[in-house]
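Asks: Here it is, the structure in full.
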DNA sequence: CAGTCAAATGAACGTATGGTCAGTCTAGGC
DNA sequence: GCCTAGACTGACCATACGTTCATTTGACTG
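Protein chains in written order, with the working numbering: chain W, 6 to 208; chain E, 6 to 208.
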């Protein structure tokens, strides 16, 4: 890699990190190119040397953040675990990682981002990253189904619902509708996802 | 009610309905006062005779929409049903009502709205309407717990999660990640919420 | 029919913000 | 020590959008 490429990559990373910090602080609406430039300690024009439009900048920042998080979930997986325990750990890991990125994801979780315009190229890219993550979770669920550890449910559907429950429980905190400690929320999601609200315990 | 008040109420309703149509078509971001005025077939200035700011207009439109929907859910409830069947119908009703307001809620469901600024007065009002709805759902769940029909779970938590699952399954459709018919989605949510993914059927 | 007045209008204004570009700075080659 | 390429800057531009207000409209009154 040439020196120019190193510098370029450094700048890009620097700007993207600044963008994520601004998004965390001001939300999607309040994220302006001026603010990102100030946060990154570069001139506004500099940003346009590395990104064509604000849209590209913002979506790239989101995508990178998503990618890091999904990679972290993937890394925490241990396929040698018993299926149910594997699922439990998967849920807890997702919860932990989402919670620790709460600042950045606030805008995302509370609802303001993901204004995915399905038509736009950048929107499609965002969606594809998330879909990839869902595929992984679904594959873990499918594995559990194959082992008879859980009932035969559509794994893609269940994976998506699990994601909604996870972001939902964080959203609930952000809306100040919950005050329970984080850990108990995570366990509650595990419980609900695994056993539902049915009366008869299914252990 | 005086004639002036009738006219005023008519105008307000007209403008709010136009606002909801615009929100459905262009999303929260793309909803401008100009567009609402055009849709309502009034001049831009007229809108400011009935609403102080754009923010008030938009949030009022959302709140009214929410209120209508929650009222509809409430009306469909039949407390004399057996608890489990009551919950099942509650879920199906919510799903049906959400789905039929999909256009208006698209922006909401897909994530772009609810940029609830917890500090703002209007944001608080929006949240309170939703919280009221959650209270109702939670009370139905509490009733089921009292009858021993479901296990003793935090009803507020479960109610919120159920809401997330419902909007989530619609979001999944909007993101084109699902192609199954609407009804089967609704039943799948009922299944998952009631029984989780556990292997042993808990009927 | 003239007068009155509130409702409605839409041109105009201020501001915020995405995007541009002529000019400055600096590292590296000669 | 000068020169050049290109990274960087930030003042500037264009536009979109929320908000205002002087003017017009039209329904009602006497």
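Glycine included, every Cβ here is placed at the ideal spot set by N, Cα and C.
Does DSSP put residue 96 of chain W in a helix, in a strand, or in coil?
Replies: Here residue 96 of chain W refers to the residue found at position 91 when the first chain is read from its first residue. Residue 96 of chain W: helix per DSSP, three-state reduction.
Asks: Nearest CA to the CA of residue 52 of chain W: which residue from W/26, W/28, W/18, W/67?
Replies: As a first step, residue 52 of chain W is located in the first chain; it is residue number 47 there, counting from the start. Checked all of W/26, W/28, W/18, W/67; the closest Cα to residue 52 of chain W is W/18.
Asks: Quick check: the region 159-176 of chain E against the region 169-183 of chain W, are at least 3 beta-carbon pairs closer than 8 Å?
Replies: Touching, yes, given that three or more Cβ pairs across the two stretches are closer than 8 Å.
Asks: Go through its chain and collect everything with a Cβ distance to residue 143 of chain W's Cβ below 6 Å, but skip five positions before and after it.
Replies: As a first step, residue 143 of chain W is located in the first chain; it is residue number 138 there, counting from the start. 160, 161, 164.
Asks: Is there contact here, the region 131-147 of chain E with the region 123-133 of chain W, by at least three beta-carbon pairs under 8 Å?
Replies: No, the region 131-147 of chain E is not in contact with the region 123-133 of chain W.
Asks: Quick check on DSSP: helix, strand or coil for residue 203 of chain E?
Replies: As a first step, residue 203 of chain E is located in the second chain; it is residue number 198 there, counting from the start. Residue 203 of chain E: strand per DSSP, three-state reduction.
Asks: Per the DSSP calculation, residue 155 of chain W is bridged to which residue(s)?
Replies: If you number the first chain from 1, residue 155 of chain W lands on position 150. DSSP output for residue 155 of chain W lists E/203 as bridge partner(s).
Asks: Can you list, in chain order, the residues of its chain with a C-beta nearer than 7 Å to that of residue 27 of chain E? Leave out the 5 residues immediately preceding and following it.
Replies: Sequence index remark: in the second chain, residue 27 of chain E carries index 22 (1-based). The answer, listed in chain order, is 36, 40, 41, 44.
Asks: Residue 48 of chain E and residue 89 of chain E look like a contact to me (Cβ under 8 Å); what is the Cβ gap, rounded to whole Å?
Replies: One-based indexing of the second chain puts residue 48 of chain E at position 43. One-based indexing of the second chain puts residue 89 of chain E at position 84. Residue 48 of chain E to residue 89 of chain E, Cβ: 54 Å. No contact.
Asks: Indicate the three-state DSSP secondary structure (helix, strand or coil) for residue 32 of chain W in the structure shown.
Replies: The residue you call residue 32 of chain W lines up with position 27 of the first chain. The answer is coil: DSSP assigns residue 32 of chain W none of H, G, I, E or B.
Asks: From the DSSP output, in three-state form, read off residue 141 of chain E for me.
Replies: Within the second chain, numbered from 1, the residue matching residue 141 of chain E stands at position 136. Looking at residue 141 of chain E - three-state DSSP - the assignment turns out to be helix.
Asks: Check each candidate in E/67, E/104, E/189, E/24 and name the one with the smallest Cα separation from residue 38 of chain E.
Replies: Within the second chain, residue 38 of chain E is the residue found at index 33, counting from 1. Of the listed residues, the one whose Cα sits closest to residue 38 of chain E is E/24.
Asks: Within the 8 Å Cβ cut-off, does residue 170 of chain W reach chain E?
Replies: Within the first chain, the letter at position 165 stands for residue 170 of chain W. Judged by the 8 Å Cβ criterion, residue 170 of chain W is in contact with chain E.
Asks: Apart from the five residues on each side of it in sequence, which residues of its chain come closer than 7 Å, Cβ to Cβ, to residue 93 of chain W?
Replies: Walking along the first chain from the start, residue 93 of chain W turns up at place 88. 195, listed in sequence order.
Asks: Skipping 5 residues on each side, what residues in its chain have a beta carbon closer than 6 Å to that of residue 98 of chain W?
Replies: To locate residue 98 of chain W, count along the first chain from 1; it is residue 93. 78, 81.
Asks: Any residues in the region 181-207 of chain E with a beta carbon nearer than 9 Å to a beta carbon of chain W? Which ones, in chain order?
Replies: So the close ones are 181, 182, 183, 185, 190, 193, 194, 196, 197, 198, 199, 200, 201, 202, 203, 204, 205, 206, 207.
Asks: When you compare only the Cα positions, how much space is there between residue 197 of chain E and residue 189 of chain E?
Replies: For the purposes of this step, residue 197 of chain E is identified with residue 192 of the second chain, where counting begins at 1. For the purposes of this step, residue 189 of chain E is identified with residue 184 of the second chain, where counting begins at 1. Going by the C-alpha atoms only, they are around 12 Å apart.
Asks: Could one say the Cβ of residue 71 of chain W lies closer than 8 Å to chain E's Cβ atoms, at least one of them?
Replies: Within the first chain, residue 71 of chain W is the residue found at index 66, counting from 1. So, not an interface residue.
Asks: Listing by chain order, which chain W residues have their CB less than 8 Å from the CB of residue 166 of chain E?
Replies: Translated into positions along the second chain, residue 166 of chain E becomes position 161. Within chain W, the residues near residue 166 of chain E are 170, 173, 174, 194, 197.
Asks: My output table needs one value for residue 17 of chain W: the three-state DSSP class, helix, strand or coil.
Replies: Taking the first chain and counting its residues from 1, one reaches residue 17 of chain W at position 12. The answer is helix: DSSP assigns residue 17 of chain W an H, G or I state.
Asks: Quick one: using the 10 Å Cβ neighbour count with 16 as the cut-off for buried, is residue 76 of chain E buried or exposed?
Replies: Stepping through the second chain from its first residue, residue 76 of chain E is reached at position 71. Per the 10 Å Cβ criterion, exposed.
Asks: Near residue 107 of chain W, what residues of its chain come up, given a Cβ to Cβ distance below 7 Å and the 5 sequence neighbours on each side ignored?
Replies: For the purposes of this step, residue 107 of chain W is identified with residue 102 of the first chain, where counting begins at 1. If we look at residue 107 of chain W and ignore the five residues flanking it on each side, its Cβ neighbours are 175.
Asks: Using a C-beta to C-beta distance shorter than 8 Å, which residues of chain E count as neighbours of residue 102 of chain W?
Replies: On the first chain, position 97 is the one that residue 102 of chain W refers to. Per Cβ cutoff of 8 Å: no residues; residue 102 of chain W is ~18 Å from chain E at best.
Asks: Since residue 100 of chain W and residue 70 of chain W are thought to touch, with beta carbons under 8 Å apart, how far apart are those beta carbons, to the nearest angstrom?
Replies: Stepping through the first chain from its first residue, residue 100 of chain W is reached at position 95. Stepping through the first chain from its first residue, residue 70 of chain W is reached at position 65. Wrong, their Cβ atoms sit about 17 Å apart, outside the cutoff.
Asks: In angstroms with no decimal places, state the Cα-to-Cα distance between residue 177 of chain E and residue 9 of chain W.
Replies: Position 172 of the second chain, counted from the first residue, corresponds to residue 177 of chain E. Position 4 of the first chain, counted from the first residue, corresponds to residue 9 of chain W. Roughly 42 Å between the two C-alpha positions.
Asks: For residue 94 of chain E, which residues in chain W fall below 9 Å Cβ to Cβ?
Replies: Translated into the one-based positions of the second chain, residue 94 of chain E becomes position 89. Here the premise fails: no neighbours, minimum Cβ distance about 15 Å.
Asks: Using 8 Å as the limit for Cβ to Cβ distance, is residue 16 of chain E near chain W?
Replies: In the second chain, counting from the first residue as 1, residue 16 of chain E sits at position 11. No, residue 16 of chain E does not count as interfacial toward chain W.
Asks: Taking the alpha-carbon positions, what's the residue 103 of chain W to residue 74 of chain W distance?
Replies: Here residue 103 of chain W is taken as the residue at index 98 of the first chain, counted from 1. Here residue 74 of chain W is taken as the residue at index 69 of the first chain, counted from 1. If I take the Cα positions, the gap works out to 8 Å.
Asks: What does residue 163 of chain E reach in chain W if we use C-beta pairs closer than 8 Å?
Replies: What you label residue 163 of chain E is simply residue 158 of the second chain in a count that begins at 1. Here the neighbours are 197, 202.
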